[in-house]
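Those sequence lines, one after another, are chains D and G. Counting along the first sequence from 1, when you hit position 129 you're at 115 in the working numbering, and nothing is skipped either side. Counting along the second sequence from 1, when you hit position 431 you're at 417 in the working numbering, and nothing is skipped either side.
Protein chains: 2
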Amino acid sequence: MAQELDFETQIFEKEIIEVAGTKEAIVRGGRHLLPLLPQALEGISQIGVIGWGSQGPAQAQNLRDSLAGSDIKVAVGLREGSSSFAAAREAGFSEDDGTLGEMFDIVRASDFVIVLISDAAMAEHYREIFDNLRDGATLGLSHGFLLGHLQNVGDTFPENVNVVAVCPKGMGPSVRALYVQGAEVNGAGINASFAIQQDVNGKATDHALAWSVGLGSPYTFQTTMESEYRSDIFGERGILLGGVHGLVEALYRKYKDEGATPEDAFRRSAEAVTGPISKTISHHGILGVYEQLDDAGKEVFKRAYDASYLPMKAVLQEIYDEVRSGNEIRSVVVAGERLEKYPMSTIDQTEMWHVGEQVRAARVEDEIPLDPFTAGAYVATMMAQIDVLDEAGHPLSEIVNESVIEATDSLNPYMHARGIAYMVDNCSITARLGSRKWAPRFDYAMVQESFPALDAQQSETGPSASFEGHRIHGVLDTVGQMRPSVDIFVAS
Amino acid sequence: MAQELDFETQIFEKEIIEVAGTKEAIVRGGRHLLPLLPQALEGISQIGVIGWGSQGPAQAQNLRDSLAGSDIKVAVGLREGSSSFAAAREAGFSEDDGTLGEMFDIVRASDFVIVLISDAAMAEHYREIFDNLRDGATLGLSHGFLLGHLQNVGDTFPENVNVVAVCPKGMGPSVRALYVQGAEVNGAGINASFAIQQDVNGKATDHALAWSVGLGSPYTFQTTMESEYRSDIFGERGILLGGVHGLVEALYRKYKDEGATPEDAFRRSAEAVTGPISKTISHHGILGVYEQLDDAGKEVFKRAYDASYLPMKAVLQEIYDEVRSGNEIRSVVVAGERLEKYPMSTIDQTEMWHVGEQVRAARVEDEIPLDPFTAGAYVATMMAQIDVLDEAGHPLSEIVNESVIEATDSLNPYMHARGIAYMVDNCSITARLGSRKWAPRFDYAMVQESFPALDAQQSETGPSASFEGHRIHGVLDTVGQMRPSVDIFVAS
Chain D
-13 MAQELDFETQ IFEKEIIEVA GTKEAIVRGG RHLLPLLPQA LEGISQIGVI GWGSQGPAQA
47 QNLRDSLAGS DIKVAVGLRE GSSSFAAARE AGFSEDDGTL GEMFDIVRAS DFVIVLISDA
107 AMAEHYREIF DNLRDGATLG LSHGFLLGHL QNVGDTFPEN VNVVAVCPKG MGPSVRALYV
167 QGAEVNGAGI NASFAIQQDV NGKATDHALA WSVGLGSPYT FQTTMESEYR SDIFGERGIL
227 LGGVHGLVEA LYRKYKDEGA TPEDAFRRSA EAVTGPISKT ISHHGILGVY EQLDDAGKEV
287 FKRAYDASYL PMKAVLQEIY DEVRSGNEIR SVVVAGERLE KYPMSTIDQT EMWHVGEQVR
347 AARVEDEIPL DPFTAGAYVA TMMAQIDVLD EAGHPLSEIV NESVIEATDS LNPYMHARGI
407 AYMVDNCSIT ARLGSRKWAP RFDYAMVQES FPALDAQQSE TGPSASFEGH RIHGVLDTVG
467 QMRPSVDIFV AS
Chain G
-13 MAQELDFETQ IFEKEIIEVA GTKEAIVRGG RHLLPLLPQA LEGISQIGVI GWGSQGPAQA
47 QNLRDSLAGS DIKVAVGLRE GSSSFAAARE AGFSEDDGTL GEMFDIVRAS DFVIVLISDA
107 AMAEHYREIF DNLRDGATLG LSHGFLLGHL QNVGDTFPEN VNVVAVCPKG MGPSVRALYV
167 QGAEVNGAGI NASFAIQQDV NGKATDHALA WSVGLGSPYT FQTTMESEYR SDIFGERGIL
227 LGGVHGLVEA LYRKYKDEGA TPEDAFRRSA EAVTGPISKT ISHHGILGVY EQLDDAGKEV
287 FKRAYDASYL PMKAVLQEIY DEVRSGNEIR SVVVAGERLE KYPMSTIDQT EMWHVGEQVR
347 AARVEDEIPL DPFTAGAYVA TMMAQIDVLD EAGHPLSEIV NESVIEATDS LNPYMHARGI
407 AYMVDNCSIT ARLGSRKWAP RFDYAMVQES FPALDAQQSE TGPSASFEGH RIHGVLDTVG
467 QMRPSVDIFV AS
């Protein structure tokens, strides 16, 4: 069962939405709310954004733009000698006006410190960051990773600060791109969750909400920091990245083995997922994929779904268990030393991704097939992920954002432009390690279990029998309406 | 650097062997030493062997046979209602003469309690076992898993008992089969390591050595319980099981993609490894494989070796890190609940293993090719495993047993008879979970890194340049001479 959460805000309008019989309290965003930010950030004269990786550039710029004209300064802090100083300067931050500096200087000079450094750096430097926080400051994180690490090593946050999280359900470049596009379509953006871990002065909630609205989140829903890191680390190992990668590898080989040309096999697997299937889900929901198939296609979809759902769910449950036990976080931390000696290789040198480059170069978008088998396998994996999170009691908004909207509105469009392999090779270390660990497991589960099961007897009680009536479709419908439908623009 | 270990025995003859400039103290076995066992087991009137899985039947029967005619009784303890009572009775143990009973009854009635239950059962029941041990008893384990689990959960062994380990470097059926064959060839058997974790009465070492000699170990070398569980859990995820599985999956597809028939692809991959390559290593060492190739074959071997060594080593180092951090043991423990809901599927339903069945049925042993590419990739993986263990400081005897002899003398012959997939599907839960987790990683590393690297420039400084001069060949030579060369008999 989903956990019951609620919050109070003095500044923003809290709405209660009812999803699948469960009430969730949320806050809608929009540019018309930006004038409220200074009031919601009362007591804060400087926001320090630490780090310039994926989220750093997006969040620092969005916050600066959203707070333009107010008295609140947004400053970027980087580690001494970081090569990112140049990029930050190019984005308009500068040592001269105090909006760019050494990270611990910025930490000490800020009342609200948003730490967006890599997970490995977080594990290494958190103690020094804690020690440099002002008394009564607000510590902001965009990911619960640090909480998981503190639990693993038996440490805690300092008691004299607010600790809040605002976690955009999309990667940094999407957070920036949709914010920029949002100048024309009010409310376009990446949804975010927020969590209050510590509130020492009663202002933590409004600080967090102001941060989220300032980033351009169409709507902000509540979670806990623990629930957030579990679903986030799980989701990127699942359908968002590792799952989709393993799945298309297995499907590509299957179609080739059945006689398809490499190009057709690529179109029917990777292209179908990141193109028409993803776009259809984004605009018409998960059910929309099924509904737009003809009768023969619906049969193929169901066969693929029935054969894929359970094997995929078993892998997903294993991932969830590994995240919950702390193992995945511990893996990322212990990998640091190894990666210096054995840097991660890229995954894009295989035949499949070379073929993919050519296919993308010659792409005619409207001719990409919505392959019904691929659709059934992909949707089954997505539904299995939804069910694993649901059974673990995550908030429904978190579930649809981590399993559906982040895929269709943020990651899949990037993969469509540059390739799934490119995405895997260019995401955070945490996501990359996880994706490399789990993608082959999805692949093997498809090949060892799903494909052999295709010849088995179909029955009315297969997993697909409960697909059309699943409560998540209504949830996605409600949640989906809270963001304007904007196809994100990604340069290839 | 290898850790320095030494021990004192009152009963057996300690020998110092020099391997690669390092001295190791060992004890050779043999049937002529069986009369020494009662003296070495002074103070023990009953040995309780708990569990009837892989090691249980082998060790209980070997010890009973070795102690026949002495006053020491060997009794088997099983959990109430276990379906294994019938099998234990069939092997000659019986409730009537007190050599078979409920496990905790047997624990309480024994002075030497050898616990051979599954790792998951160990994690669940260890506290109750500890509580039922006699004061001053000797607790025997054939695996350091429990120590790793205690470290993870912050618990310890009881202080009033000896804690020793004797760990045969082969699965139970091999321990029994070679012991039986040893009636004709004195000293045939599976090597074992031993470790003294606690010695409360000065008798722990001789108890352990008596146990090992009683099992029929040709030679027994020393390790620590921590070193043992690391190398053991690592090894089965590596070349012994997970590594060999992932490797042949990748090679099979490669040969097929290059135009080989499925049957030929299977012969050149799985059959070549478990047949001629393994047998050559067993009789002529790792170098023997290379030396028996012609010049063209040697070139192919080196190309495969150079392309495979580093990618395989990176995966192996990741496995080692996961074992050392406690993650792998924690994974096995948390899997318990999940496996009730999602039982492990078998991996043998893919085309490759169906082809394999037919190939084995029609096999002409002498016609199996010693494919030089497969040999180079397999040997590179084996050498990479050796180097990871060596860099982590494991005793050299442990390294060659966990990386070479256990493969060639125990596991590969079983795989050759029944298939690698059969072996994966029928080993311990711990090995099976690990093999399913890591095999696909070896596969992906081969496909993503090794195969693309084949076209890259060869250089004199590739990993193969240091292959022929590697110090492990001398170690294997010394160690290999301490067991009579007996090809194990395995019914298909």
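Even for Gly, the Cβ is constructed at its ideal location relative to N, Cα and C.
C-beta atoms of residue i and residue j nearer than 8 Å
i, j, result
"Asp192 of chain G", "Ala26 of chain G", "yes"
"Ala246 of chain G", "Ile354 of chain G", "no"
"Gly42 of chain D", "Ser203 of chain D", "no"
"Glu235 of chain D", "Met298 of chain D", "no"
"Ser179 of chain D", "Glu214 of chain D", "yes"
"Asp411 of chain D", "Asp334 of chain D", "yes"
"Ile30 of chain D", "Gly63 of chain D", "no"
"Tyr291 of chain D", "Gly229 of chain D", "no"
"Gly126 of chain D", "Val147 of chain D", "no"
"Gly134 of chain G", "Gly312 of chain G", "yes"
Residues sharing a beta bridge with residue i, DSSP
i, result
"Ile36 of chain D", "D:Gly63, D:Val101"
"Asn118 of chain D", "Bridge partners of Asn118 of chain D: none, in fact."
"Glu483 of chain G", "Past the boundaries of the shown model lies residue 483 of chain G; chain G is included only from -13 to 478, so the question cannot be answered."
"Asn148 of chain D", "D:Thr124"
"Arg14 of chain G", "G:Tyr205"
"Ala153 of chain G", "The displayed chain sequence assigns Cys, not Ala, to residue 153 of chain G. According to DSSP, Cys153 of chain G bridges with G:Ser179."
"Gln467 of chain G", "Bridge partners of Gln467 of chain G: none, in fact."
"Glu384 of chain D", "Glu384 of chain D pairs with nothing; no bridge assigned."
"Thr8 of chain G", "G:Val5"
"Gln25 of chain D", "DSSP output for Gln25 of chain D lists no bridge partner at all."
"Gln184 of chain D", "D:Val149"
Alpha-carbon spacing of residue i relative to residue j, whole angstroms
i, j, result
"Arg469 of chain D", "Arg310 of chain G", "46 Å"
"Met(-13) of chain G", "Asp373 of chain G", "Low confidence applies here, because Met(-13) of chain G scores a pLDDT of 48, under 50, leaving its location unreliable; read the following figure in that light. Between Met(-13) of chain G and Asp373 of chain G, the C-alpha separation is close to 11 Å."
"Leu462 of chain D", "Ser421 of chain G", "38 Å"
"Arg223 of chain D", "Leu419 of chain D", "9 Å"
"Ile385 of chain D", "Leu302 of chain D", "14 Å"
"Tyr408 of chain G", "Tyr400 of chain G", "9 Å"
"Ile391 of chain D", "Ser268 of chain D", "7 Å"
"Ala255 of chain G", "Gln434 of chain D", "For the record, residue 255 of chain G in the displayed sequence is Ser; it is not Ala. When rounded, the distance between both Cα atoms is 19 Å."
"Phe158 of chain D", "Leu226 of chain D", "The amino acid at residue 158 of chain D is misidentified as Phe; the sequence shows Gly. C-alpha separation (whole angstroms): 15 Å."
"Met89 of chain D", "Leu49 of chain D", "18 Å"
"Glu314 of chain G", "Lys59 of chain D", "47 Å"
"Glu(-1) of chain D", "Val13 of chain D", "6 Å"
"Ala370 of chain D", "Leu296 of chain D", "8 Å"
"Ser389 of chain D", "Gly221 of chain D", "6 Å"
"Thr416 of chain G", "Pro426 of chain D", "20 Å"
"Arg216 of chain D", "Ala196 of chain D", "24 Å"
Classification of residue i by the beta-carbon crowding that lies within 10 angstroms, buried from 16 upward
i, result
"Glu304 of chain D", "buried"
"Glu1 of chain G", "exposed"
"Ile3 of chain G", "buried"
"His231 of chain G", "buried"
"Glu110 of chain G", "exposed"
"Lys155 of chain D", "buried"
"Asp481 of chain G", "Not covered by the structure: residue 481 of chain G. The range shown for chain G is -13 to 478."
"Thr85 of chain D", "buried"
Neighbour flag for residue i against chain A, beta carbons, 8 Å
i, result
"Gln137 of chain G", "Protein chains D and G are contained in the structure displayed, whereas chain A is not."
Closer than 7 Å, Cβ to any Cβ of chain D: which residues of the segment 371 to 386 of chain G, in chain order? none
Of the residues that make up the segment 328 to 361 of chain G, which ones have a beta carbon closer than 7 Å to any beta carbon in chain D? Tyr328, Ser331, Ile333, Gln335, Thr336
Could you run through the segment 209 to 225 of chain D and flag, in chain order, every residue whose CB is less than 7 Å away from some CB of chain G? none
Looking at chain G, which residues of the segment 282 to 306 of chain D have a Cβ within less than 8 Å of any of its Cβ atoms? Listed by position, the residues of the segment 282 to 306 of chain D near chain G (Cβ gap below 8 Å) are Leu296, Pro297, Lys299, Ala300, Gln303, Glu304.
Chain D contacts from the segment 435 to 468 of chain G (Cβ-Cβ distance under 8 Å): Within the segment 435 to 468 of chain G, contact with chain D at the beta-carbon level (separation under 8 Å) is assigned to Glu435, Phe437, Pro438.
Check distances from the C-beta atoms of the segment 402 to 429 of chain D to those of chain G and list, in chain order, the residues that come in under 8 Å. Arg422, Lys423, Ala425, Pro426, Arg427, Asp429
May I ask you to list, following chain order, the residues of the segment 244 to 259 of chain D that have a beta carbon less than 8 Å from some beta carbon of chain G? none
Selection of the segment 101 to 128 of chain G by Cβ proximity to chain D, strictly under 9 Å: none
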